[in-house]
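Right, one structure below, let's go through it.
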Ligand SMILES: [Zn+2]
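Structure follows, in structure tokens:
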């Protein structure tokens, strides 16, 4: 079977892969600060014979690790950043390793390692079968900040790719052709004039007033944008005490929609609202662009291929212990567990997924910066079961599963799926031609334009 050498190799290298995943999980790092993870991944892939470039596309913790030569060129899109406030032990109750610290509440330790495992396995298949083509593992920093891949794209890191694949840990085995939203993330910093709020209010120009008027304007804007637009904000600085007119205030916004164009349109109008608020309050506003990415645009040809690979590779059964662990976690979020079961038509006693891989078409109002890669080359995006049914995205439950044997099994399964996916493409380049045909149809003559404005550099 095409891919079987790769699958054997992944099994043989399982201890090293588990060690890598555990190292990333137990040392969670913020976006653009993935130094330890970057070092561990680079060392392992160098040892495996990959040509490793650290700092791909000008992003210091990004990795591009290449094996082979010529076409097809397949990209495997890893991510390894963690989330603030989600430190968690492997436990069925909320129990941080360190209160308030970072944790892998999105399972990027599994995400990264699955892609590493896939290229290690596939490299062995290429070597033994003399397969032509190039495989590239990418470690893409700061996915959670929705800016890592756009910056890598701007720096040219993905040039020359024919197709790509991205796996994300989740609840069931599915290759998705649904759409996730495009997004812009920005802060409005207002500067006013401080004054005693009771004795000399006439001398004050309140930056907080400007924030509040921006929010009012934004809430009126909601009526006049297309129904897929999502606008959410949080005031990150609203002054210190009531009796001092705040001379500084800040509000942080996300704008999302199912197309880049709709995000840009709403973004420009929000900037005008903030400028209007500044004019009304006689304050000044500065716009800080924090992140932005494309909506996802999935390729049906490649999604079908992933689903086929899912169904050719046997999924490891869950142990009794793993099922009771998941059941205990589901008790913590029963509504979320019930919603997942209803969405996928699963029985009420399902706590961990073990079933056929499917191509599904659910849209998501969340965002992922794989959308940018999808607007450069045809890309498959898929999930495997790595958590209990009720684990919310970005949660301590997710972090708990990502450090457990449940996440490990889902990760190894994903590595094998991607290795077989790659082997199938290397053996039959007509898949690339069909995927590209669909891609060209979807793009309809448009070209990718990095959402990050030119003046915005790599965050420190
Ligand atoms: Zn994630």
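Residue numbers (our numbering): 1412 to 1871.
Virtual Cβ for every residue (Gly too), placed ideally from N, Cα, C.
Just so you know, these numbers come straight off a predicted model, no measurement behind them.
What I want to know is whether the C-beta of residue i ends up closer than 7 Å to one or more non-hydrogen atoms of ligand 1.
i: residue 1515; result: no
i: residue 1585; result: no
i: residue 1554; result: yes
i: residue 1526; result: no
i: residue 1579; result: yes
i: residue 1711; result: no
i: residue 1519; result: yes
Please report the straight-line C-alpha distance between residue i and residue j, rounded to a whole angstrom.
i: residue 1495; j: residue 1456; result: 28 Å
i: residue 1850; j: residue 1860; result: 16 Å
i: residue 1765; j: residue 1482; result: 35 Å
i: residue 1679; j: residue 1454; result: 44 Å
i: residue 1697; j: residue 1864; result: 15 Å
i: residue 1805; j: residue 1579; result: 13 Å
i: residue 1708; j: residue 1523; result: 21 Å
i: residue 1710; j: residue 1789; result: 6 Å
i: residue 1504; j: residue 1592; result: 32 Å
i: residue 1461; j: residue 1421; result: 16 Å
i: residue 1560; j: residue 1577; result: 12 Å
i: residue 1835; j: residue 1823; result: 18 Å
i: residue 1614; j: residue 1620; result: 14 Å
i: residue 1760; j: residue 1432; result: 29 Å
i: residue 1692; j: residue 1820; result: 57 Å
i: residue 1832; j: residue 1519; result: 21 Å
i: residue 1742; j: residue 1735; result: 11 Å
i: residue 1925; j: residue 1549; result: Here the chain has residues from 1412 to 1871 only, and residue 1925 is not among them.
i: residue 1755; j: residue 1726; result: 18 Å
i: residue 1452; j: residue 1669; result: 34 Å
i: residue 1662; j: residue 1626; result: 8 Å
i: residue 1572; j: residue 1731; result: 43 Å
i: residue 1807; j: residue 1442; result: 18 Å
i: residue 1673; j: residue 1594; result: 9 Å
i: residue 1715; j: residue 1493; result: 30 Å
i: residue 1583; j: residue 1752; result: 10 Å
i: residue 1598; j: residue 1723; result: 47 Å
i: residue 1498; j: residue 1737; result: 19 Å
i: residue 1624; j: residue 1647; result: 15 Å
i: residue 1467; j: residue 1459; result: 19 Å
i: residue 1616; j: residue 1653; result: 14 Å
i: residue 1694; j: residue 1644; result: 20 Å
i: residue 1778; j: residue 1729; result: 30 Å
i: residue 1531; j: residue 1641; result: 40 Å
Within this structure, are the beta carbons of residue i and residue j separated by less than 8 Å?
i: residue 1449; j: residue 1489; result: no
i: residue 1657; j: residue 1629; result: no
i: residue 1910; j: residue 1846; result: The structure shown does not extend to residue 1910, since the chain is modelled only from 1412 to 1871, so the question has no answer here.
i: residue 1603; j: residue 1547; result: no
i: residue 1791; j: residue 1713; result: yes
i: residue 1718; j: residue 1768; result: yes
i: residue 1568; j: residue 1427; result: no
i: residue 1772; j: residue 1589; result: yes
i: residue 1744; j: residue 1801; result: yes
i: residue 1681; j: residue 1632; result: yes
i: residue 1783; j: residue 1575; result: no
i: residue 1811; j: residue 1437; result: no
i: residue 1410; j: residue 1536; result: This structure does not reach residue 1410, given that the chain is present from 1412 up to 1871, and the question cannot be answered.
i: residue 1780; j: residue 1554; result: yes
i: residue 1556; j: residue 1701; result: yes
i: residue 1666; j: residue 1649; result: no
i: residue 1733; j: residue 1828; result: no
i: residue 1651; j: residue 1608; result: no
i: residue 1793; j: residue 1585; result: yes
i: residue 1600; j: residue 1699; result: yes
Under 7 Å: does the beta carbon of residue i sit that close to some heavy atom of ligand 3?
i: residue 1496; result: As for ligand 3, it is missing from this structure, which binds only ligand 1.
Along the chain, which unbroken stretches of the alpha helix (DSSP H) at least 4 residues long are found entirely within the stretch 1425-1490? Listed in chain order, they are 1425-1436, 1446-1458.
Runs of alpha helix (DSSP H) wholly within the stretch 1617-1688 (minimum 4 residues, chain order): Within the stretch 1617-1688, the complete alpha helix (DSSP H) runs of at least 4 residues fall at 1618-1632.
Length-filtered (3 minimum) beta strand (DSSP E) runs lying within the stretch 1747-1827: 1769-1771, 1790-1796
Of all the beta strand (DSSP E) runs that stay within the bounds of the stretch 1563-1603, which reach a length of 3 or more residues? Segments of the beta strand (DSSP E) lying fully in the stretch 1563-1603: 1574-1581, 1585-1587, 1593-1602.
Jot down the residue ranges of each uninterrupted alpha helix (DSSP H) in the stretch 1831-1865, minimum 4 residues, whole runs only, in chain order. 1841-1854
Where in the stretch 1698-1757 do unbroken runs of the alpha helix (DSSP H), each at least 4 residues long, occur, reported from the N-terminal end onward? Runs of the alpha helix (DSSP H) lying entirely within the stretch 1698-1757 and spanning at least 4 residues, in chain order: 1711-1723, 1731-1743, 1745-1755.
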